[in-house]
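Visitor:
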Amino acid sequence: PTNIIKTQLSNTNKHRRLFPRAPRTPTDATSRFLGDGVRYKAKLIGVDSVPDAQGEKMCWDSMMKLKGFEAAARKQGRHKQRVWLKVSSTGLRIVDERSGVSDTDSLSPHCVVL
Numbered sequence: 001p002t003n004i005i006k007t008q009l010s011n012t013n014k015h016r017r018l019f020p021r022a023p024r025t026p027t028d029a030t031s032r033f034l035g036d037g038v039r040y041k042a043k044l045i046g047v048d049s050v051p052d053a054q055g056e057k058m059c060w061d062s063m064m065k066l067k068g069f070e071a072a073a074r075k076q077g078r079h080k081q082r083v084w085l086k087v088s089s090t091g092l093r094i095v096d097e098r099s100g101v102s103d104t105d106s107l108s109p110h111c112v113v114l
């Protein structure tokens with residue numbers, strides 16, 4: 001097993017030497033978030049309104065509450081909703097993968113989305 005890992009690492013390092021990346025400038029890194037932004041595939045377990053947009057304990061409590069709801073739904077045989085999380089310079093958008101409908105229209109400014 002360790003030989004396989006070492007071989008994979010050496011192949012990766014060899015690939016990096018043969019095909020080096022061009023250095024990224026700060027404008028290159030941020031330019032991909034302009035316009036429609038970057039799209040990530042995700043599964044939505046819940047949305048929860050919170051009183052403030054800060055606080056680690058508040059985020060933790062909200063996350064535990066949503067995970068509890070998700071566990072109860074899983075016991076009933078329901079699945080998590082598949083979504084696209086779109087990150088752009090204008091903000092976050094959650095789009096249903098099947099219907100293409102954006103769910104973020106009804107979100108308040110202070111929400112925890114997991």
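In this text, residue positions in the sequence shown follow UniProt numbering: the first is 1, and each later residue adds one.
Glycine included, every Cβ here is placed at the ideal spot set by N, Cα and C.
All values derive from a computational prediction rather than experimental measurement.
By the three-class DSSP mapping on this structure, what secondary structure does S66 have?
Guide: Residue 66 is actually Leu in this sequence, not Ser. Three-state result, L66: helix.
Visitor: Please return the same chain residues whose Cβ sits closer than 6 Å to the Cβ of V87, not counting the five positions on each side in sequence.
Guide: Within the same chain, V87 has close Cβ partners G37, V38.
Visitor: Indicate whether W84 and V95 have their beta-carbon atoms separated by less than 9 Å.
Guide: Contact: yes.
Visitor: I need the boundaries of the beta strand (DSSP E) containing S88, first residue and last residue.
Guide: From DSSP, the beta strand (DSSP E) with S88 extends over 81-88.
Visitor: In angstroms, rounded to a whole number, what distance separates the CA positions of residue 143 and G46?
Guide: Nothing about residue 143 can be read from this structure; the chain reaches only from 1 to 114.
Visitor: How many whole angstroms separate the CB atoms of K43 and R82, which I take to be in contact at a CB cut-off of 8 Å?
Guide: That belief holds up - the Cβ atoms of K43 and R82 are roughly 6 Å apart, short of 8 Å.
Visitor: Please report the residue range of the beta strand (DSSP E) in which I45 lies.
Guide: First-last for I45: undefined, no H or E at that position.
Visitor: Does S49 pass the burial test, meaning 16 or more other C-beta atoms within 10 Å, or should it be called exposed?
Guide: Its Cβ having fewer than 16 others within 10 Å, S49 is exposed.
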